[in-house]
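Single-structure report; data block below.
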Amino acid sequence: MYDVAILGAGIVGTNIARELSRYSIKVVMLEAENDVSMGTTRANSAIVHAGYDTKPGSMKARYNVRGNQLYEDLCRELAVPYKCNGSLVVAFNDEEVATVKELYQRGLENGVPGLELLNREQTLALEPNLKETVQGALLAKSAGIVGPWELAIALAENAVQNGVELRCNARVTALEQIKGGIRVYMDERSIDARYVLNCAGIYADIVNNMIAEPTFELTPTRGEYNLFDKSVGDYVSHTIFGTPSKKGKGVVFLPTVHGNLMLGPNSEAVPGREMVETSPAGLEFLRDHAANTVKNMAFNMVITSFAGLRAKPKNGDFVIGETEVPGFINVAGIESPGLTAAPGIAEYVVKLMEKLEGGLEPNPNFNPRRRPPILFMELSDAEKAKLIAQDPRFGRIICRCENITEGEIVDIIHRSPGAISVDGVKRRARPGSGRCQGGFCGPRVMEILARELGKEITEIVKDRPGSFILTGPTKAVKEEQA
Amino acid sequence: MKKYDIVIIGGGPAGLAAAIEARKNGIEGVLVLERDRELGGILQQCIHNGFGLHIFKEELTGPEYAERFINELQELGIEYKLDTMVLEVTPGRLVKAINTEDGVLNLQAGAVVLAMGCRERTRGAILIPGGRPAGVLTAGTAQRFVNMEGYMVGKRVVILGSGDIGLIMARRMTLEGAEVLAVAELMPYSGGLTRNIVQCLEDYDIPLYLSHTITNIEGYDRLEAVTIAQVDEGYRPIPGTEKRYECDTLLLSVGLIPENELSRGAGVELHPLTGGPVVNESMETSVPGIFACGNVVHVHDLADWVTEESRRAGRSAARFVKAELAQGNGLVRTAAGLGIRYIVPQYIRPENVEKQVEIYMRVTNIYKNIRLVVRAGGTVIKEVKRLHVTPGEMETVKVAAKDLAGISELSVSVEEV
Amino acid sequence: MEAREMICIVCPMGCKLEVMRDKTSPTGYTVTGQKCSRGESYGVTEMVNPTRALTSTVKIKKGFLPRLPVRTNGAIPKGKIFQVMELLNTVEVEAPVAAAQVIIKDVLETGIDIIASRSMDSLI
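Chains as they are written, first to last, in the working numbering: chain E, 8 to 489; chain R, -9 to 407; chain D, 52 to 175.
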């Protein structure tokens, strides 16, 4: 019997797993997909929000501010890219200026540090590419940006390193109350746990309803993004929000931790939980928004677009807490500011585990640091030379757009959880994220995956198990006939 | 810090020709840096024929064409390194590269020749809406898989783009047992050589839909279908013309982009229309001593022109090293007139032109029965009649040295006969 | 017979040809639009016995790469292309191979050989 089973290895599940690994308890993460961070965690705005726009007194407000406080240390311990670049909410008319002032007040009420109201000149001085018609802005110095899937992967690595078990390809199909705990079924397989934490993202209401009363409903809400080439990555330096309206925070100009620029998201309820397609309407919406906010957005520098689904809770706030089923705890409805709030949520959820039989004994072997990823291009020439001499695979560049070496790719394949797909390599080491979108590195990455995993290259998938890339060797016909 | 007279970045057809010519012009210290496992560049995966008709008066396949130059390079004893990636070129001609054997290489070059070729435009860059399943790839990546690694990328194929790579792959995939359902082309004309329409599409009954594009990609894990729609004069999809094709592979042949990251880092000025360095008659960039040739300057259709251009670059780099290249004050600017999209070189220094200079250009549209009119300082010096010109086929015109004297602008325009 | 329009594929020029039946001509056809004599022959052949050059790959053992590019050293009848492909798919050569080495002599009795399109070293 496990002490805790965490359903879902996204940013919330992995944060909780890592927190729980500080204690000598038996924890397992069950992830439906074949890798961690495959859900909302891998397609979002990557913002670490300051916390002025959440409703005072809500869980969102509380955990946003707390999470924000924890981010810098967390990312440093786990060697995850994070940057405190600040954010601006920009106003273009009197009404928007009034809203921005309201956000400022709300921020103060929520306990957000580093807030400042700026006039037009001050705003343009910070961001000269804004349209001249801007009237002012709210500056939030504590806002930042992070690599969201990098963080989830790092948390998972650290959790596993500290004793947490991770099972992928473990989709929950049924839940059953048993004596002293809950039985979690994954088709014919099952495990038992005293506590089950429902961190199942856009599926969390479905999972809840397997065992508890259907007390909440989630609407899959799609957001589309454009990703721009690094050459326009410094077009803005702060994360720039339009003044929010009823529809939501609106479209955001998103500098990324890697030096790209993103634009998005729109917000559209969709009927299916796999609907991560981009749409002509969505992409046009982004274009229009850009035209209203900045001067001359270089849309010819887009290198890709993508969409993500958020789990929008009907009542507007996170759904975190125990249910009528002993041991079954929901951590659901984690839409924005979920990424920011995750470390704060984890802190809180772990406290709920204090009621565990035997309590929470500290894990004497807990190490808050994971082995940092090797960033070859950031080394000095002497360090590079030394590394290549030790392992010649660092002397072979595979991803020409981002200058990633074979050595780095081999390293992340063999971590736990390691990369098992082309996109898994992309999420951990970046080949495929650049301007050629995998055209050059794709075949080489597949070769390396096949070699390191002991598989045929035809078995290597792009992402999920069904995403085969090659159908077979050429001239296979004769063999079929034979 | 090792010194070389000339460091050539790229061992494809451009780099090979430049290296050989530099050696033939008396330069000993020539080094070619190639990132792939062998020399030859993209030609090694272009197993079709059509290469060498001008240079060798024979019709060769890509690998055969490459081998001629590889053999010559090796016979001349020119040094080259494979599996070596250049990380940086500075304006002062310091070249930093890495490979598994030497580790980090820091080289001081007397002259640099940029010959990095180009990359393919991606689905992301043209913003096709829809999912991101496996099975969507650029035609060149598919070509590498099929021809070199020996793997099929799909069974039911739709191709976007009727440039040569798209057309060649339509035939290649069919020959290897796939079903190619259609080729869609955004423009009202094909971007590839006309002979390829015949021998790649018509021969295999593969329909070509001009003025069409892909408007949707379906599939969560693997591609399941694409939607092809007609477009209007503004290239916008026309509602109601959509046709859905069930397929498992979409190959994209939607343009090539000169690969100039290293050039940028070296402070080289790039031309907005070609995407490559601004060059003069010697293929020298805006940074003295840094030359460029081949697809990195402008995307070519024929390897033969790449070879000619690159020989010029190699010869000029050799002259630069010997301090024989005139830096020149009398710059003639080439100007793309009506009907001409761009001209390479963008500048000519008449002092460096012995007998004649060859200028390359592309037209903006298909024109029939026209003259290419060359004006030197406003006076017509040459008229070349053409029955048929198209943006997909580069044109060249030779201009005599004497016509360059005392002028500041050389223009070419398309005019009726 | 009306004139048949076609594009000559002998070289990248792609001349537009018009081919007409002509009993007075030694070939039986008159070809117009070509810029060279090869175009003239192409026009006639395309009417009488269309042929194509074929390029492909064959499996190669112990080679630097797993596939060797090959080509016909001339043009084979258009109708035999897929048969030749089927035959090529059964071939496996062994490295090292020299450029222009004959892989299949007189393939399917066409009088045309299949030759290696490059030299390929063996893996050490």
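In this text, a Cβ means the ideal position worked out from N, Cα and C, and glycines have one as well.
Here the structure is a predicted model, which is why all the values come from computation and not from measurement.
When the Cα atoms are used, what is the spatial distance from E:Asn374 to E:Asn169?
Take the alpha-carbon of E:Asn374 and the one of E:Asn169: they are about 7 Å apart.
Under 7 Å between the Cβ atoms of R:Ser138 and D:Leu174?
Checking the sequence, you will find Met at residue 138 of chain R rather than Ser. Remark: C-beta atoms of R:Met138 and D:Leu174 do not approach each other more closely than 7 Å.
Candidates R:Leu252, R:His378, R:Val170, R:Tyr337, of which the one nearest R:Gly320 by Cα:
Nearest Cα to R:Gly320 within the set R:Leu252, R:His378, R:Val170, R:Tyr337: R:Tyr337.
From the beta carbon of E:Gly433, is the nearest beta carbon of chain R less than 7 Å away?
According to the sequence provided, residue 433 of chain E is Lys. The question's Gly does not apply to it. With 7 Å as the cut-off, E:Lys433 does not count as an interface residue toward chain R.
Between which two residues does the beta strand (DSSP E) containing R:Thr324 stretch?
Note, R:Thr324: beta strand (DSSP E), 322 to 326.
Just checking: is the beta-carbon of R:Glu78 within a distance shorter than 7 Å of some beta-carbon in chain D?
At a cut-off of 7 Å between beta carbons, R:Glu78 makes no contact with chain D.
Neighbour list for E:Thr478 in chain D, Cβ cutoff strictly below 9 Å:
Identification of chain D residues near E:Thr478 by a Cβ-Cβ cut-off of 9 Å yields none; the smallest Cβ-Cβ distance measures about 15 Å.
Which runs of the alpha helix (DSSP H), 4 residues or longer, sit entirely within the region 236 to 315 of chain R?
Listed in chain order, they are 251 to 255, 293 to 311.
Could you tell me how far apart the beta carbons of R:Val103 and R:Ala307 are, in whole angstroms, since I believe they sit closer than 8 Å?
In this structure R:Val103 is in contact with R:Ala307, their Cβ atoms being roughly 5 Å apart against a cut-off of 8 Å.
In the structure shown, what three-state DSSP assignment does E:Cys448 receive?
Note: E:Cys448 maps to helix in three-state DSSP.
Over what stretch of residues does the beta strand (DSSP E) that includes E:Pro262 continue unbroken?
Its beta strand (DSSP E) spans residues 259 to 262.
DSSP three-state assignment for R:Arg376, whether helix, strand or coil
Of the three classes helix, strand and coil, the one that applies to R:Arg376 here is strand, per DSSP.
Given 8 Å as the limit, is there contact between the region 112 to 121 of chain R and the region 90 to 102 of chain R, that is, 3 or more CB pairs closer than that?
Result no; under three Cβ-Cβ pairs closer than 8 Å.
Please compile the residues from chain R whose C-beta is within a distance smaller than 9 Å of the C-beta of D:Thr108.
Residues of chain R passing the Cβ test: Ile37, Val136, Asn137, Met138, Gly140, Glu166.
How big is the Cα-Cα spacing for E:Lys433 and E:Gln142?
One C-alpha to the other measures close to 40 Å.
Who are the near neighbours of E:Trp156 in its chain, counting only those whose CB is closer than 6 Å to its CB and skipping five residues on each side?
Around E:Trp156: Ser44, Thr48, Arg49, Arg434.
Could you tell me whether the region 475 to 483 of chain E touches the region 247 to 265 of chain R, using the rule of 3 or more Cβ pairs below 8 Å?
The region 475 to 483 of chain E is not in contact with the region 247 to 265 of chain R.
Across which residues does DSSP place E:Ser312 in a beta bridge pair?
Beta-bridge pairing links E:Ser312 to E:Asn233.
How long is the line joining the alpha carbons of R:Ile204 and R:Thr184, rounded to whole angstroms?
One C-alpha to the other measures close to 23 Å.
Please name the residues in the region 143 to 160 of chain R whose beta-carbon is closer than 9 Å to at least one beta-carbon of chain E, in chain order.
Listed by position, the residues of the region 143 to 160 of chain R near chain E (Cβ gap below 9 Å) are Val143, Gly144, Lys145.
Enumerate, from N- to C-terminal direction, the unbroken beta strand (DSSP E) stretches of 3 or more residues contained entirely within the region 16 to 95 of chain R.
If we require 3 residues or more, the beta strand (DSSP E) runs fully inside the region 16 to 95 of chain R come out as 20 to 23, 39 to 41, 69 to 71, 75 to 79, 84 to 89.
Please decide whether E:Ile381 counts as near chain R, where near means a Cβ-Cβ distance under 7 Å.
With a threshold of 7 Å between beta carbons, E:Ile381 makes no contact with chain R.
My assumption, with CB atoms under 8 Å, is that R:Ile88 sits in contact with E:Lys148. Please give the rounded CB distance.
That belief does not hold up - the Cβ atoms of R:Ile88 and E:Lys148 are roughly 39 Å apart, past 8 Å.
What residues of chain D sit near E:Lys482, judged by a beta carbon separation below 7 Å?
Identification of chain D residues near E:Lys482 by a Cβ-Cβ cut-off of 7 Å yields Lys110, Asn140, ordered along the chain.
Please tell me whether E:Tyr9 and E:Lys33 are closer than 7 Å, where the distance is taken between their beta carbons.
With contacts defined as CB atoms closer than 7 Å, E:Tyr9 and E:Lys33 qualify as a contacting pair.
Inspect the beta-carbon positions of R:Asp238 and R:Gly125 and report whether they are closer than 7 Å.
Taking 7 Å as the Cβ cut-off, R:Asp238 and R:Gly125 qualify as a contacting pair.
Quick check on the burial criterion: 16 or more other C-beta atoms within 10 angstroms. Buried or exposed for E:Ala298?
Classification for E:Ala298: exposed.
Where does R:Ser253 land, buried or exposed, given buried means 16+ other C-beta within 10 angstroms?
Buried, because 16 or more other Cβ atoms sit within 10 Å of the Cβ of R:Ser253.
How about R:Gly107 and R:Val334: are their beta carbons less than 7 Å apart?
With respect to R:Val334, R:Gly107 sits apart: the two C-beta atoms are not nearer than 7 Å.
Would you mind telling me which residues of chain R sit closer than 7 Å to D:Met98, beta carbon to beta carbon, in chain order?
Result: empty, since nearest Cβ-Cβ is about 14 Å, beyond 7 Å.
Cβ of E:Met66 within 7 Å of Cβ of E:Asp241?
The Cβ-Cβ distance between E:Met66 and E:Asp241 does not fall below 7 Å.
Enumerate in chain order the residues of its own chain whose CB-to-CB distance from R:Glu175 is below 6 Å, with the five nearest sequence positions on each side excluded.
Closer than 6 Å at the Cβ level, and outside the excluded window around R:Glu175, lie Ser152, Leu200.
Need the endpoints of the beta strand (DSSP E) that R:Asn359 sits in, please.
357 to 366 is the extent of the beta strand (DSSP E) around R:Asn359.
Residues of the region 286 to 309 of chain E with a CB closer than 7 Å to any CB of chain R: list them in chain order, please.
Under the 7 Å Cβ criterion, the region 286 to 309 of chain E contributes Ser286, Pro287, Leu290, Val309.
Quick one: what does DSSP say E:Thr21 is sitting in, helix, strand or coil?
When DSSP states are grouped into helix, strand and coil, E:Thr21 belongs to the helix group.
Going by alpha carbons, who is nearest to R:Asp291 out of R:Arg376, R:Arg352, R:Met159?
From the listed residues R:Arg376, R:Arg352, R:Met159, the smallest Cα separation to R:Asp291 is found for R:Arg352.
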